[in-house]
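> In the order they appear, the protein sequences are chains L and R.
Residues 842 to 1300, numbered by the numbering used here, are exactly what the first sequence covers, in order.
Residues 842 to 1300, numbered by the numbering used here, are exactly what the second sequence covers, in order.
First the structure, then my questions, so here it is.
2 protein chains.
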Amino acid sequence: MAERLVVIGGDATGMSAASQARRRRGPEDLEIVVFERGRHTSYSACGIPYWIGGAVDNVARLVVRSPEEHRIRDIDVHLHHEVEAIDPQGGEVRVRDLASGQEKRVGFDHLVIATGAHPVRPKLPGIDAEGIYGVQTLDDGEAVLTDLERKPRRAVVVGGGYIGVEMAEAMVKHGLKVTLVDQAAEPMSTLDPDMGRLVHQAMENIGIDVVTEAGVEEFEADSRGRVRAVATKQGTFPADVVVLGLGVRPNAALAQEAGLSVGAVGGICTDLRMRVTGQERIWAGGDCVEVLNLVSGRPQNVALGTHANKHGRVIGINIGGGYATFPGVVGTAVSKVCDLEIARTGLRESDARQVGFEYLTAMVTSTSRAGYFPGSSPMTVKMIAEWRTGLLLGVQIVGRAAGAAKRIDAAAVALWNKMTVEEMTSLDLGYAPPFSPVWDPILLAARKAAEAIVASCQG
Amino acid sequence: MAERLVVIGGDATGMSAASQARRRRGPEDLEIVVFERGRHTSYSACGIPYWIGGAVDNVARLVVRSPEEHRIRDIDVHLHHEVEAIDPQGGEVRVRDLASGQEKRVGFDHLVIATGAHPVRPKLPGIDAEGIYGVQTLDDGEAVLTDLERKPRRAVVVGGGYIGVEMAEAMVKHGLKVTLVDQAAEPMSTLDPDMGRLVHQAMENIGIDVVTEAGVEEFEADSRGRVRAVATKQGTFPADVVVLGLGVRPNAALAQEAGLSVGAVGGICTDLRMRVTGQERIWAGGDCVEVLNLVSGRPQNVALGTHANKHGRVIGINIGGGYATFPGVVGTAVSKVCDLEIARTGLRESDARQVGFEYLTAMVTSTSRAGYFPGSSPMTVKMIAEWRTGLLLGVQIVGRAAGAAKRIDAAAVALWNKMTVEEMTSLDLGYAPPFSPVWDPILLAARKAAEAIVASCQG
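Structure follows, in structure tokens:
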């Protein structure tokens, strides 16, 4: 008799796991049932700001694979079905058909928890006013676009992380006057403030009013219950529409209620094969789990489609009878804002301090191509290395040029392999005038960091 | 009394070594004398094809630092001075002033040999005809541009390596009808033929006539001694101008005549600090030395400005009293031809066979950005991994998109660290829709290679 795999959540991790398991085990051997509470499968949440901003013209393009395409491969997808409880010992889930309201119990031999994350919505006065949007699901995106048809004039974006900054730019493209309020000293606080400052300037250059150290205190609504202003520590900003970009939190409640292991930073805990800690037949991956940061040695939540897909593949291979692991992350992220490319990997200064590293930093400004080559543009690279050992701890890049951001990959692989900045000065990175100065900016930063290490040891 | 550093060759390695040594030791402690037989210092030979093609408008832009700028830093540069002999035991060189013809002997406490490389000029009938150019020095570039003022109509480029392919494109930009003849099965033989085929097609798309397996037999000249055709195994091709792109060979003769160690592939041998093997006070770097290929374990000549600069820095630090090493290369190279970006690192299939690796290959075609993002373009990645262990051996990339070529850097760092393709599937590379599909093409290739390894172990 066939085993049954139940998957909770039909996005990146869930559908990748289902597809990988199906590639390895046919329907006669493994029944696969997916419960998704929304109405889409396998879509790119990361693409939503670009869809709202108009760079992507059709929401259908964000859907990698429709429910029908999955069903053709014998993956039994149920949309509008919400799993309300997991019984790990009994090996079943309780699921509600959101359309009919009916509940049923479904047994599993393998369970994949891929419940994702939800946007942070601070419990502030007025948070439930109309016109305040998170940006997480395709429905959220649709809601923002529908609201924009009302021709609002002023947008306030709350939070200066990736989504906040990307959404601020999208709102500018729609012709709105945009204010971005952020509680940190500089926006893009995934970078150190000295690098975030460069993003701040670029945002102001396209007309975004950036207000820092402006924690929100209240959302003011008009008499019809629609948001009309955002009150912050730095004053009150009128708003016809508000976008929340305050990050996301793992959807781990279902797992927690079932007594499964949930960690210190709020995500489900798994082993290297993405099996929930202490469980034999329950797996979890994507935005709802904690992952190991290989640089800090600490658990971390990272909501990124690329990891969610990797987790799904690992789970599907393992359920399919193979062997695969997910060792962890080094914290790489890239983004494009205004005319800037932004990238980071590893630890910021504040992270390094928190973990207990003594460190040095080096910052260089170089160019993306040979200085004499057309289209050569400035890029700034910041490198953080452990004192004495010179172990690479982190790299941040802000550049005006095509090709700036993905240079972070070389640093990410160096971090993964625990390289020192001294050894990095010898790295054999690609050089030709259209692609790099003779010293790639990453090499240049490594040189400066290595020299700082030597100087500090002599001092 | 001050020591004296004598540098032979005023380009990347020589001037980097001089500059680094000067930063660490003042003129009262170290006298620095540079002999350069040409009339420029510190220029970018790699930029010459782009200057000839018009992308770089002024030759002065290729000169990173002029002799005067070096002299201001107390580096005593002598142009038009050729060193004719080295006496390692006596600690002196014999140098000729090419202008006056006078010779003198100059003693050294440290000597840097940075004599570079010379273009291969096969000893074929007619090779000395007028109108046949190598592309190595700024004078070569000047000569080609002067020749182009005669409005030649047909160019034949001999050799389909980087310089040959770049020069063929430059000639097209000047309105010439261009034939590229290459003795290999496909041009760009730094790639495997299946990847070189993609370059072949792109060249034909811009009107270059590519003739493969066409070893040259003779250069035919007219009655005034000017080249008029190139005779090959595949027929004779009329030519008003000929460009040789047959690669370069280390200028090691001076070292060899002095009894210094020259290796099997024709370059000067050094230790990790770039000291000539067996010598106390003689150093060498750049195109004239052999370097260790860290993947094959074999010595290799690599003529690339980025390595030449690294060597110079390492030598200058060591002479300056510091400590630095150059461990070797993994064989990374990038190039832009027509609308293609091309990159490679590590071993080709033929290299792997020669060294004795059993290997598997994986090839994927993906896109540079998320498929739904504007400007997303195809790129092909080929990965070579050792059988059983899955050790990464090499990666090749051909792509139509900005950002294709420099993706090789992640692979180069992975090679440097002896990663397996299995481990590479977990790498934390930057992901956002404007920069990458959710599976970066490098990750996708690693997945496919890792799956091939597993399948081969089961088979």
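A virtual CB, placed ideally from N, CA and C, is assigned to each residue, including glycine.
Predicted, not measured: the structure shown is a model, and the values here were computed from it.
By the three-class DSSP mapping on this structure, what secondary structure does R/G1056 have?
By one-based count along the second sequence, residue 1056 of chain R stands at place 215. Of the three classes helix, strand and coil, the one that applies to R/G1056 here is coil, per DSSP.
> Going by CA-CA distance only, name the one from L/H951, L/V847, L/R1229, L/D915 that's closest to L/G922.
On the first sequence, position 81 is the one that residue 922 of chain L refers to. Here residue 922 of chain L turns out to be His, not Gly, going by the sequence shown. Among L/H951, L/V847, L/R1229, L/D915, the Cα nearest to that of L/H922 belongs to L/V847.
> In three-state DSSP terms, what is L/N1092?
As a working note, residue 1092 of chain L is residue 251 in the first sequence. L/N1092 falls in the coil class under three-state DSSP.
> What is the DSSP secondary structure of L/D1112, counted as helix, strand or coil?
As a first step, residue 1112 of chain L must be located in the first sequence, where it is residue number 271. Coil at L/D1112, not helix or strand.
> Under 8 Å between beta-carbons, which chain B residues line up against R/S885? List them in chain order, please.
Going by chain labels, chain B is absent from the structure shown, which instead holds the protein chains L and R.
> Counting contacts by CB-CB distance shorter than 9 Å, is R/P1168 in contact with chain L?
Here residue 1168 of chain R refers to the residue found at position 327 of the second sequence. With 9 Å as the cut-off, R/P1168 counts as an interface residue toward chain L.
> Output the boundary residues of the alpha helix (DSSP H) element that contains R/N865.
As a working mapping, residue 865 of chain R is identified with position 24 in the second sequence. Note that residue 865 of chain R is Arg in the sequence shown here, rather than Asn. Counting along the chain, the alpha helix (DSSP H) containing R/R865 begins and ends at 853 to 865.
> Could you tell me whether the stretch 875 to 890 of chain L touches the stretch 976 to 988 of chain L, using the rule of 3 or more Cβ pairs below 8 Å?
Taking 8 Å as the limit for Cβ pairs, the verdict is that the stretch 976 to 988 of chain L does touch the stretch 875 to 890 of chain L.
> Look at the alpha carbon of R/R1241 and the alpha carbon of R/T1206, and state the distance between them as a whole number of angstroms.
If you number the second sequence from 1, residue 1241 of chain R lands on position 400. If you number the second sequence from 1, residue 1206 of chain R lands on position 365. Using only the alpha carbons, I get a separation of about 11 Å.
> Do R/A1226 and R/I1283 come within 9 Å of each other at the CB atom, strictly closer than that value?
Looking up residue 1283 of chain R in the second sequence gives position 442. Looking up residue 1226 of chain R in the second sequence gives position 385. Not a contact, by the Cβ cut-off of 9 Å.
> If you draw a straight line from the alpha carbon of L/L1377 to that of L/L1285, how long is it in whole angstroms?
The structure shown does not extend to residue 1377 of chain L, since chain L spans only 842 to 1300, so no value can be given for it.
> Pop quiz: R/A1246 and R/K1177 are said to be a contact at Cβ under 8 Å. What is the actual Cβ separation, rounded to whole angstroms?
For the purposes of this step, residue 1246 of chain R is taken as the residue at position 405 of the second sequence. For the purposes of this step, residue 1177 of chain R is taken as the residue at position 336 of the second sequence. Their Cβ separation, rounded to whole angstroms, is 7 Å, which keeps R/A1246 and R/K1177 in contact under 8 Å.
> For the candidate residues R/E1131, R/V1132, R/E1121, R/I913, whose alpha-carbon lies nearest to that of R/N1159?
Numbered from its first residue, the second sequence carries residue 1159 of chain R at position 318. If we check each option's Cα against that of R/N1159, R/E1121 comes out closest.
> Give me the chain L residues within the contact set of R/G888, using Cβ-Cβ distance strictly less than 7 Å, ordered along the chain.
Numbered from its first residue, the second sequence carries residue 888 of chain R at position 47. Within 7 Å Cβ-Cβ: A1211, Y1213, P1274.
> With DSSP collapsed to three states, give me the class of L/H881.
The sequence position of residue 881 of chain L within the first sequence is 40, counting from 1. If DSSP states are grouped into helix, strand and coil, L/H881 belongs with coil.
> Taking just the CA atoms, how far does R/G1001 sit from L/A1296?
Your numbering for residue 1296 of chain L matches position 455 in the first sequence. Your numbering for residue 1001 of chain R matches position 160 in the second sequence. Going by the C-alpha atoms only, they are around 46 Å apart.
> Can you name, in chain order, every residue of its own chain whose Cβ lies under 7 Å from the Cβ of L/R962, other than the five neighbours on each side?
The count along the first sequence starts at 1 and reaches residue 962 of chain L at position 121. Closer than 7 Å at the Cβ level, and outside the excluded window around L/R962, lie I968, G975, L1085.
> Please decide whether R/H1148 counts as near chain L, where near means a Cβ-Cβ distance under 9 Å.
Mapped onto the second sequence, residue 1148 of chain R falls at position 307. Yes, because at least one Cβ of chain L sits closer than 9 Å to the Cβ of R/H1148.
> Give the secondary structure of L/P1282 by DSSP, where H, G and I count as helix, E and B as strand, and everything else as coil.
Taking the first residue of the first sequence as position 1, residue 1282 of chain L is located at position 441. In this structure, L/P1282 counts as helix in the three-state DSSP scheme.
> With 9 Å set as the bound, which would you pick, yes or no: does the beta-carbon of L/I1283 sit closer than that to a beta-carbon of chain R?
Numbered from its first residue, the first sequence carries residue 1283 of chain L at position 442. Cβ-Cβ to chain R under 9 Å: yes for L/I1283.
> Identify each residue in the stretch 982 to 1012 of chain L for which the Cβ-Cβ distance to at least one residue of chain R is less than 7 Å, and report them in chain order.
Under the 7 Å Cβ criterion, the stretch 982 to 1012 of chain L contributes no residue.
> Might you give, ordered along the chain, the residues of its own chain that have their beta carbon closer than 7 Å to the beta carbon of R/V947, omitting 5 neighbours on each side?
Here residue 947 of chain R refers to the residue found at position 106 of the second sequence. Within the same chain, R/V947 has close Cβ partners V847, V874, E933, V934, V936.
> Any idea which residues DSSP pairs L/Y1200 with across the strands?
Start at 1 with the first residue of the first sequence, and residue 1200 of chain L comes out as number 359. In the DSSP output, where bridge partners are listed per residue, L/Y1200 has L/E1227.
> Just to make sure I have the definition right: I need the residues of chain R whose C-beta is within less than 7 Å of the C-beta of L/A1184. Which are they?
Walking along the first sequence from the start, residue 1184 of chain L turns up at place 343. Ordered by position in chain R, the residues that pass the 7 Å Cβ test against L/A1184 are G1271.
> Return the bridge partner residues of L/N1134 from the DSSP annotation.
The count along the first sequence starts at 1 and reaches residue 1134 of chain L at position 293. The partner list for L/N1134 (beta bridge, DSSP) reads L/V1170.
> Taking L/A996 as the reference, give the member of L/A853, L/A1062, L/A1070 with the closest Cα.
Start at 1 with the first residue of the first sequence, and residue 996 of chain L comes out as number 155. Per the Cα distances, L/A1070.
> Under DSSP, the alpha helix (DSSP H) around L/K1302 begins and ends at which residues?
Residue 1302 of chain L lies beyond the residue range present for chain L, which begins at 842 and ends at 1300; the question has no answer from this structure.
> Provide the residue span of the beta strand (DSSP E) that contains L/K1018, from first to last.
On the first sequence, residue 1018 of chain L is found 177 positions in, with the first residue counted as 1. Taken as a continuous stretch (DSSP letters only), the beta strand (DSSP E) holding L/K1018 covers 1018 to 1022.
> According to DSSP, L/P1219 sits in a beta bridge with which residue or residues?
Here residue 1219 of chain L corresponds to residue number 378 of the first sequence, with the count starting at 1. According to DSSP, which records beta bridges pairwise, L/P1219 is partnered with L/T1208.
> According to a CB-to-CB cut-off of less than 7 Å, which residues of the stretch 1133 to 1145 of chain L neighbour chain R?
So the close ones are L1145.
> Could you list which residues in chain L have their beta carbon closer than 8 Å to that of R/R1248, in chain order?
For the purposes of this step, residue 1248 of chain R is taken as residue 407 along the second sequence, with counting starting at 1. Residues of chain L passing the Cβ test: K1247, D1250.
> Quick check on this structure: which residue in R/R906, R/V1170, R/N1150 has the alpha carbon closest to the alpha carbon of R/E1131?
Locating residue 1131 of chain R in the second sequence gives position 290, where the first residue counts as 1. For R/E1131, the nearest C-alpha among the options comes from R/V1170.
> How many Å lie between L/H911 and L/H951 at the Cα?
On the first sequence, position 70 is the one that residue 911 of chain L refers to. On the first sequence, position 110 is the one that residue 951 of chain L refers to. Going by the C-alpha atoms only, they are around 19 Å apart.
> With a threshold of 16 other CB atoms inside 10 Å of the CB of L/G1100, please say whether the residue is buried or exposed.
Position 259 of the first sequence, counted from the first residue, corresponds to residue 1100 of chain L. Burial call: exposed.
> Considering L/D988, what are the terminal residues of the alpha helix (DSSP H) in which it resides?
For the purposes of this step, residue 988 of chain L is taken as the residue at position 147 of the first sequence. Element bounds for L/D988: 979 to 989.
> Mind checking if R/M1260 is an interface residue toward chain L, Cβ cutoff 9 Å exclusive?
In the second sequence, counting from the first residue as 1, residue 1260 of chain R sits at position 419. Chain L contact via Cβ: present.
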